[in-house]
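Participant:
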Amino acid sequence: MKILMINKFLHPNGGSETYIFKLGEYLQSIGHEVEYFGMEHEGRIVGNSVDAYTADMDFHEGSKLSKLTYPLKTIYSTQARKQIRKVLDSFKPDVCHLNNFNYQLTPSIICEIVKWRKQENKECRIVYTAHDYQLVCPNHMCRNIVTDENCEKCLNSSFLNCTKGRCIHQSLSKSFIGTLEASFWKLKRVYKYIDTFICCSQFMKTKLDTNPLFREKTVVLHNFVDKSMNLQSLSKKDYVLYFGRYSVEKGVRTLIKVCKSLPDIRFVFAGTGPLEDELQGISNIENVGFKTGEELYRLIAQAKFTVYPSQWYENCPFSVMESQMYGTPVIGADIGGIPELIKQGLTGELFESSNEEDLKNKILKLYNDEELLNTYTRACELQCFDTVEQYTEKLMRSYKL
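Number 784 in the numbering used here belongs to position 38 of the sequence shown; there are no gaps in the numbering.
Pasting the structure below:
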């Protein structure tokens, strides 16, 4: 089978990229042909045989002239249609697997795929993995970043709410462009051509299902995890770990306040982000910075437990799964797809998102009860999330339907 993976970033950038790289690598290892389409970038690590990509679009950098053209390019991209057509003509895929594509590639690529398969008289399935809420929310998060509150006003309603709330970068103009983009493609009904919407959580499915166009095509398939190392022989150390982005929506400010109220407990933070300065000067917080690979896995495996205090609608965070995979219980916020990954009272604890007192009590409960912590740790070691092999077996049903 020939599979074209489509994602705006073709370099390591986040969870979506981790997903397409590992999935594509495994598909190739079992005999499928895989090519990739997205933006050109100096860090690009995958590609296609005709070297056809769109120009890199960085909304934070670039000339004034290029920035002036971005509003139109984020709605519709002639270049993306021309470039993906080159790949389609050359590769002739059986499946086009969409991931993150809005704004940089735009849904115009779907129009070209549909046009190509009609002209070729070829069956080519279009499958989409929903890594965020981009099809139902113009800022992709279902969160108003001005008020720092989760928001569902655009779901099955007018996308004009995005403009009213200045939901994209707190900018009226950018929010208006986002409203235009979402409204234009909703009016064009281009998403009706997607054969299967893969939701990485049941929670995501409930949000996509607010659109009647999607409802009959959504399936739930939690992300896979790839256990790169066997670290179960490592002994636990006396610290509680947070790893990830240091930002408000991730609940880091709430966690910092709780850390200050628990001076006798050592907390390790691994990551980076806009709240990094707020970690300074707190005696029981050690900021070790951004970590990957073996360094990160060791930090996870040796922690007493990890904390995932998110305040936005997380979809299917790899961090929660990776922690349990390396035998470390999780205290997670009861929000979005997180509760689907933590077995309450078995592999971890859930607390009310944004509730400092509840989080503090859950941390104290687990930290001070060694027997309970050991029980959770053993349960985590037995916890089974899908491997890439198991995930692919399920995914093939959507590829072949």
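Think of the CB as a built atom: it goes at the ideal place given N, C-alpha and C, for glycine as much as any other residue.
Which runs of the beta strand (DSSP E) at least 3 residues long sit entirely within the region 771–858? Give them in chain order.
Facilitator: For the region 771–858, whole beta strand (DSSP E) runs of length 3 or above, ordered along the chain, are 779–783, 841–844.
Participant: Assuming F930 is part of the alpha helix (DSSP H), what are its boundary residues?
Facilitator: That run of the alpha helix (DSSP H) goes 918–934.
Participant: In or out: S1069 buried (at least 16 other Cβ within 10 Å) or exposed?
Facilitator: Classification of S1069: buried, given that the 10 Å Cβ count is 16 or more.
Participant: Return the chain-ordered list of same chain residues with a C-beta closer than 6 Å to the C-beta of L901, the five sequence neighbours on each side being excluded.
Facilitator: Hits under 6 Å: V882, T956.
Participant: Taking contact to mean at least 3 C-beta pairs separated by less than 8 Å, is the region 1083–1092 in contact with the region 1011–1019?
Facilitator: Segments in contact, no.
Participant: To which residues of the same chain is K768 closer than 7 Å at the C-beta, ignoring the five residues directly before and after it?
Facilitator: Excluding residues within five positions, the ones whose Cβ falls inside 7 Å are D972, V1134.
Participant: Is it buried or exposed, P758, if we count other Cβ atoms within 10 angstroms and call 16 or more buried?
Facilitator: Exposed: under 16 other Cβ atoms inside 10 Å.
Participant: Measuring CB atoms only, is the region 1099–1115 touching the region 995–1002, in the sense that at least three cross pairs come out at less than 8 Å?
Facilitator: In short, these stretches touch, since the Cβ pair count reaches three.
Participant: Quick one: residues in its chain with C-beta nearer than 6 Å to the C-beta of T909, no 5 flanking neighbours on either side, listed in chain order?
Facilitator: Around T909: S921, F922, T925.
Participant: What's the gap between the Cα of Q1048 and the Cα of Y849?
Facilitator: The straight-line gap from Cα to Cα measures roughly 40 Å.
Participant: Sorted by chain position, which residues of the same chain lie with C-beta nearer than 8 Å to L959's C-beta, five sequence neighbours on each side aside?
Facilitator: Taken in chain order, the residues that qualify are R935, Y937, K938.
Participant: I'd like to know whether the C-beta atoms of I855 and F930 end up nearer to each other than 7 Å.
Facilitator: Contact flag unset, no.
Participant: Return yes when the Cβ of T942 is within less than 7 Å of the Cβ of S1144, no when it is not.
Facilitator: Going by C-beta atoms, S1144 is nearer than 7 Å to T942.
Participant: Determine the DSSP secondary structure at K768, reduced to helix, strand or coil.
Facilitator: K768: helix per DSSP, three-state reduction.
Participant: If you draw a straight line from the alpha carbon of Q916 to that of N907, how long is it in whole angstroms?
Facilitator: Between Q916 and N907, the C-alpha separation is close to 13 Å.
Participant: With 16 other CB atoms within 10 Å as the buried threshold, where does S903 fall?
Facilitator: The residue in question, S903, is exposed, as its Cβ has fewer than 16 Cβ neighbours within 10 Å.
Participant: Relative to the alpha-carbon of Y879, which residue among L1118, I944, E1139 has its alpha-carbon at the smallest distance?
Facilitator: Minimum Cα distance to Y879 is reached at I944.
Participant: Is it buried or exposed, E1040, if we count other Cβ atoms within 10 angstroms and call 16 or more buried?
Facilitator: Exposed: under 16 other Cβ atoms inside 10 Å.
Participant: Just list the residues that DSSP pairs I944 with in beta bridges.
Facilitator: Answer by DSSP bridge pairing, in chain order: T875, V965.
Participant: Would you mind working out which of R1124, I1031, M751, L1045 sits nearest S1007, comparing C-alpha positions?
Facilitator: Per the Cα distances, I1031.
Participant: Under a Cβ-count criterion, where at least 16 other Cβ atoms within 10 Å of its own Cβ denotes burial, should G1094 be classed as buried or exposed?
Facilitator: It counts as buried.
Participant: Could you check where the alpha helix (DSSP H) with M1142 kicks off and where it finishes?
Facilitator: Segment 1134–1146, the alpha helix (DSSP H) holding M1142.
Participant: Looking at C-alpha atoms only, which residue of L851, C870, L818, L1025 is the closest neighbour of D835?
Facilitator: Closest option to D835, Cα to Cα, is C870.
Participant: Do you know how far the Cα of Y992 is from the Cα of C1130?
Facilitator: Distance between the alpha carbons of C1130 and Y992 is about 28 Å.
Participant: Residues in the same chain with beta-carbon distance under 8 Å from K810, minus the five sequence neighbours each way, listed in chain order, please.
Facilitator: Because the pLDDT of K810 is 49, which lies under 50, any placement of that residue in the model is unreliable, and the number read from its coordinates should be weighed accordingly. Taken in chain order, the list of residues that qualify is empty.
Participant: Compare the Cα-Cα distances from M950 to each of Q1026, R1124, E1060, D1115 and report the closest residue.
Facilitator: Minimum Cα distance to M950 is reached at E1060.
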